[in-house]
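As you go down the protein sequences, you meet chains A and B in turn. By the working numbering, the letter at position 54 of the first sequence is numbered 54, and the numbering carries on one by one without gaps. Add 114 to the 1-based position in the second sequence for the working numbering, that's all there is to it. By construction, the Cβ of each residue, glycine as well, lies at the ideal position given by its N, Cα and C atoms. Below you'll find the structure, written out as C-alpha cells, and then a few comments.
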Amino acid sequence: EAGVTQSPTHLIKTRGQQATLRCSPISGHTSVYWYQQALGLGLQFLLWYDEGEERNRGNFPPRFSGRQFPNYSSELNVNALELEDSALYLCASSIQWSSGNTIYFGEGSWLTVV
Amino acid sequence: GNSVTQMEGPVTLSEEAFLTINCTYTATGYPSLFWYVQYPGEGLQLLLKATKADDKGSNKGFEATYRKETTSFHLEKGSVQVSDSAVYFCALSGGGYNKLIFGAGTRLAVHP
Chain A
1 EAGVTQSPTH LIKTRGQQAT LRCSPISGHT SVYWYQQALG LGLQFLLWYD EGEERNRGNF
61 PPRFSGRQFP NYSSELNVNA LELEDSALYL CASSIQWSSG NTIYFGEGSW LTVV
Chain B
115 GNSVTQMEGP VTLSEEAFLT INCTYTATGY PSLFWYVQYP GEGLQLLLKA TKADDKGSNK
175 GFEATYRKET TSFHLEKGSV QVSDSAVYFC ALSGGGYNKL IFGAGTRLAV HP
C-alpha cells in the first residue's frame, strides 16, 4: 500500500515568488496535515484539512494557505516567498481525527528560497 | 497550552550501549503520546505510541511507558546499533488540541 506521497521533492524559488507543494494521503485517510521543519528547528504545525475543510491552523501568516480536494489530496501554497521560508515541508495523513490515531508522514518537499 | 519537552542532544553512544531519551509533557485531559524517528534525509516514521496511562509502546527494541503521575514518556533501548543514528521526536495529540505537537527533537549518534 502506498504511503503519503509528496511532490516535488525539491523546489527552488526566488524571493517574492509563489510555491505550490502537493500531497496525496494514504488511501482511506481523510485528514491531511502540513508541517514546516526549518533547518535546526523543530516541527511547526501549519495546517490541518479534513473532508475538504480547514480544521486548524498554526501560527503562520496568511500567505501560507492550502486546500484539500474531493479525492483528499492537498496543496500547500506559499505566496510572496521570503528567505526564511526555506525549509522541509512535511505532509501527513490519518483517518478522521482522534487523538489516538497514528499520523503518517511523507518524505517531504525541500523548498529553497534564494 | 500543550507542550512537549525533550532532552537536548546530541546524544553520542557506543554500539550496544543503553539509551534513554527523556520526554516530559504538559497537557490538559488525557493526550496520546508518540515517538517518531527521522533518519537522515527522510521524513518521519512512527516508532511507537501509547494512548492511555501506564500503556507501554514498543517497537524495534525501543520502549516507552506513559507515566501520567510524572507526565513523562521516556524512550529507552537496551542495546543501540549504528543504524539507530537518527533524530527522535516525542509528540502528543489530544488533550484539548486537535493537532500533533512535537518536541524539539533529540539527535542520536551511535559509533561502532
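When DSSP builds the beta bridges, which residues end up paired with valine 151 of chain B?
-> Beta-bridge annotation (DSSP): valine 151 of chain B is paired with B:Gln159 and B:Tyr202.
Express the C-alpha separation of glutamate 82 of chain A and proline 70 of chain A in angstroms, rounding to a whole number.
-> Using only the alpha carbons, I get a separation of about 31 Å.
Taking the beta strand (DSSP E) that lysine 182 of chain B falls in, what are its first and last residues?
-> Counting along the chain, lysine 182 of chain B falls outside any beta strand (DSSP E), and DSSP gives it neither H nor E.
Which residues in the same chain have their Cβ closer than 7 Å to the Cβ of glutamine 195 of chain B, if we skip the five residues on either side of it in sequence?
-> These residues qualify, in order along the chain: Glu129 and Val224.
Rounded to a whole number of angstroms, what is the C-alpha to C-alpha distance between serine 74 of chain A and serine 109 of chain A?
-> Serine 74 of chain A and serine 109 of chain A have their C-alpha atoms some 13 Å from each other.
Proximal residues to glutamate 51 of chain A (C-beta, below 6 Å), its chain only, five neighbours per side dropped = The answer, listed in chain order, is Thr30.
Contacts that lysine 174 of chain B makes with chain A (C-beta to C-beta distance below 8 Å) | Within chain A, no C-beta atom comes less than 8 Å from the C-beta of lysine 174 of chain B; the nearest is roughly 16 Å away.
Given that leucine 161 of chain B touches chain A, what residues does it touch there, using C-beta distances under 8 Å?
-> Near leucine 161 of chain B there are no residues of chain A at all, since even the closest Cβ is about 11 Å away, more than 8 Å.
Between the Cα of valine 78 of chain A and those of A:Gly3, A:Ala2 and A:Thr14, spot the shortest distance and give me the residue it belongs to.
-> Comparing alpha carbon positions, the residue from A:Gly3, A:Ala2 and A:Thr14 closest to valine 78 of chain A is A:Thr14.
At a cut of 8 Å, does the segment 27–41 of chain A reach the segment 86–93 of chain A through at least three beta carbon pairs?
-> Because the criterion of three Cβ pairs below 8 Å is met, the segment 27–41 of chain A and the segment 86–93 of chain A touch.
Ranges of the beta strand (DSSP E) found wholly within the segment 65–98 of chain A, counting only runs of at least 3 = 74–78 and 87–94, all fully within the segment 65–98 of chain A.
Check whether the Cβ atoms of phenylalanine 187 of chain B and tyrosine 150 of chain B sit closer than 8 Å, and answer yes or no.
-> Cβ distance not < 8 Å, so phenylalanine 187 of chain B and tyrosine 150 of chain B don't count as in contact.
What residues in the segment 13–27 of chain A bring their beta carbon closer than 8 Å to a beta carbon of chain B?
-> Answer set for the segment 13–27 of chain A: empty.
Do leucine 147 of chain B and tyrosine 180 of chain B have their CB atoms nearer than 8 Å?
-> Yes; because the gap between Cβ atoms is below 8 Å, this pair is in contact.
Environment of serine 207 of chain B [buried if 16+ CB atoms lie within 10 Å] = Buried: at least 16 other Cβ atoms inside 10 Å.
Could you run through the segment 97–108 of chain A and flag, in chain order, every residue whose CB is less than 9 Å away from some CB of chain B?
-> Taking 9 Å as the Cβ-Cβ cut-off against chain B, the residues of the segment 97–108 of chain A that qualify are Trp97, Ser98, Ser99, Gly100, Asn101, Thr102, Ile103, Tyr104, Phe105, Gly106, Glu107 and Gly108.
Same chain, Cβ closer than 7 Å to serine 172 of chain B, neighbours up to 5 away in sequence not counted | By the criterion of a C-beta distance shorter than 7 Å, serine 172 of chain B is surrounded in its chain by Leu162, once the five residues flanking it on both sides are discounted.
Using the C-alpha atoms, what's the distance from glutamine 17 of chain A back to arginine 55 of chain A?
-> Taking the CA atoms as reference points, arginine 55 of chain A sits about 27 Å from glutamine 17 of chain A.
Anything in chain A within Cβ reach of phenylalanine 203 of chain B, meaning under 9 Å, just list it in chain order.
-> Going along chain A in sequence order, the residues near phenylalanine 203 of chain B (Cβ under 9 Å) are Gly42 and Leu43.
Proximity test, Cβ basis, 8 Å: tryptophan 34 of chain A and chain B = For tryptophan 34 of chain A, the answer is no, since every Cβ of chain B falls outside 8 Å of its Cβ.
Serine 138 of chain B: which of B:Gly217, B:Arg221 and B:Ala164 sits nearest, CA to CA?
-> One detail in the question is off: residue 138 of chain B reads as threonine in this sequence, not serine. Answer by Cα proximity: B:Gly217.
Partner residues on chain A for glycine 217 of chain B, Cβ-Cβ distance less than 8 Å = The answer, in chain order, is Gly42.
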